[in-house]
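Chains as they are written, first to last, in the numbering used here: chain A, 230 to 544; chain B, 413 to 523. Note that the Cβ used here is the ideal one computed from N, Cα and C, for glycine as well.
Here it is in structure tokens:
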């Protein structure tokens, strides 16, 4: 690899501010250490790790060097990303929840039913927390958009609005199509519908990813007041609690279904309780819960460092 | 043990920050000279990424300071705060080494 090519590859791991300060020195050290030879894998890995860590530190995601507002915002955004993972995984789990009653003996239904209700309640609680966070962010977002040129505002909002419109329109079309099909056709008998459904899932996941990136860009631009930041942290805690409830309920449902209705996951193969989509969804939810809890710890920690609101004195 | 604004403290003998401070305690050095010195006295090879990650954090914490650049190579020197932090860790380690040596019945200089 040529030196300019090597330097370009190294540079992409670091943010512009870091590179402007240390870039020349780092390149000189690479020249001194490796001359024209290739970078060993250990050195490449260390550069990637340190560059990424520095970006995360500057963004308030790790360490305590970033301002508390940035750390609180980074914590809230971690919870937002975790929420998006839960929406994707939740769609898969919800599909498995369909028709569980017909496959289970009456004696097992109370606990399994409670688990389903628990997952639904958790999802509802999470949605309410998300709505609350959106309301808390509304004033700051409107103020931010008003301060921008219309073209810049459109460019900022398009990645949020476009995926939402696409997701709603395609979901409406798929639901409309499914309405005209029998249960058997919806569950694999109709090959064309199966393909449409699979494409819709991929499109929905892509829309979700683009939408979340769009929201992150908006949140990083807006200026919150301290009171709004104070409200965001507990809302994050509520959302993370909801995620843990959904995860716990799903695991209880799964364990009970495996115990009482093994054939439910793959008719004709009672041992196949580890259905790959459900395993993948659960792994995503575990990762999401861990990310959310980390975000909550960060957000609440930064909230504690915010100055106390002025005490109100009675006349 | 030094704790600075909740960032990673100097705690292990092979901690890159501790190795850099120890090296700079002997005089200002740029990246390559630091790397070679650390290899000589500690037998630890710090890759350029790890070295500059630690340099960034140490500079932000005010434990080291940059000097004028010479042909793209910028030497760093240890600051008073850096010397104090290093002295504290070295004292901790000396106490530990002393207790360990005593309890193992070893004499200094005997392997």
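{"Check": "In angstroms, rounded to a whole number, what distance separates the CA positions of residue 378 (chain A) and residue 469 (chain B)?", "Outcome": "38 angstroms"}
{"Check": "Would residue 432 (chain A) pass as an interface residue toward chain B - the criterion being a Cβ-Cβ separation below 9 angstroms?", "Outcome": "no"}
{"Check": "In three-state terms, what does DSSP make of residue 488 (chain B)?", "Outcome": "strand"}
{"Check": "Based on Cα-Cα distance, which residue from A:425, A:331, A:432, A:448 lies nearest to residue 486 (chain A)?", "Outcome": "A:331"}
{"Check": "Give the interface partners of residue 472 (chain B) over in chain A, defined as CB-CB distance under 8 angstroms, in chain order.", "Outcome": "294"}
{"Check": "Below 8 angstroms, how does it come out for the region 471 to 491 of chain A and the region 281 to 297 of chain A: are there three or more Cβ pairs, yes or no?", "Outcome": "no"}
{"Check": "Considering just the uninterrupted stretch of the beta strand (DSSP E) at residue 478 (chain B), what are its terminal residues?", "Outcome": "476 to 478"}
{"Check": "Taking any Cβ of chain B, which residues in the region 255 to 287 of chain A have a Cβ under 9 angstroms from it, in chain order?", "Outcome": "255, 256, 257, 258, 259, 260, 261, 262, 263, 268, 269, 271, 272, 273, 274, 275, 276, 277, 278, 279, 280, 282, 283, 286"}
{"Check": "I want to see whether chain B comes within less than 9 angstroms of residue 422 (chain A), judged by CB atoms only; does it?", "Outcome": "no"}
{"Check": "How far does the alpha helix (DSSP H) with residue 274 (chain A) in it reach, from first residue to last?", "Outcome": "270 to 287"}
{"Check": "Opposite residue 502 (chain A) in the DSSP bridges: which residues?", "Outcome": "Answer is none; residue 502 (chain A) lacks a bridge partner."}
{"Check": "Could you list the residues in the region 447 to 461 of chain B with a C-beta less than 8 angstroms from some C-beta on chain A, going in chain order?", "Outcome": "447, 459, 460, 461"}
{"Check": "Which chain B residues are close to residue 251 (chain A), counting only those with a beta carbon under 8 angstroms from its beta carbon?", "Outcome": "464, 467, 468"}
{"Check": "Give the DSSP bridge partners of residue 524 (chain B), in chain order.", "Outcome": "In the structure as shown, chain B starts at 413 and stops at 523, and residue 524 (chain B) therefore has no counterpart that could be examined."}
{"Check": "Roughly how many angstroms lie between the CA atoms of residue 413 (chain B) and residue 454 (chain B), to the nearest whole one?", "Outcome": "Residue placement at residue 413 (chain B) is poorly supported in this model, since its pLDDT is 39, which falls under 50; the coordinates still yield a value, given next. If you take the alpha carbons of residue 413 (chain B) and residue 454 (chain B), they lie about 20 angstroms apart."}
{"Check": "Can you check whether the CB of residue 467 (chain A) is closer than 9 angstroms to the CB of residue 192 (chain A)?", "Outcome": "No answer is possible for residue 192 (chain A): it lies beyond the span of chain A, which begins at 230 and ends at 544."}
{"Check": "When the Cα of residue 347 (chain A) is compared with those of A:516, A:241, A:481, which residue comes out closest?", "Outcome": "A:481"}
{"Check": "Helix, strand or coil, according to DSSP, for residue 239 (chain A) in the structure here?", "Outcome": "helix"}
{"Check": "Taking Cβ positions only, does residue 483 (chain B) come closer than 9 angstroms to chain A?", "Outcome": "yes"}
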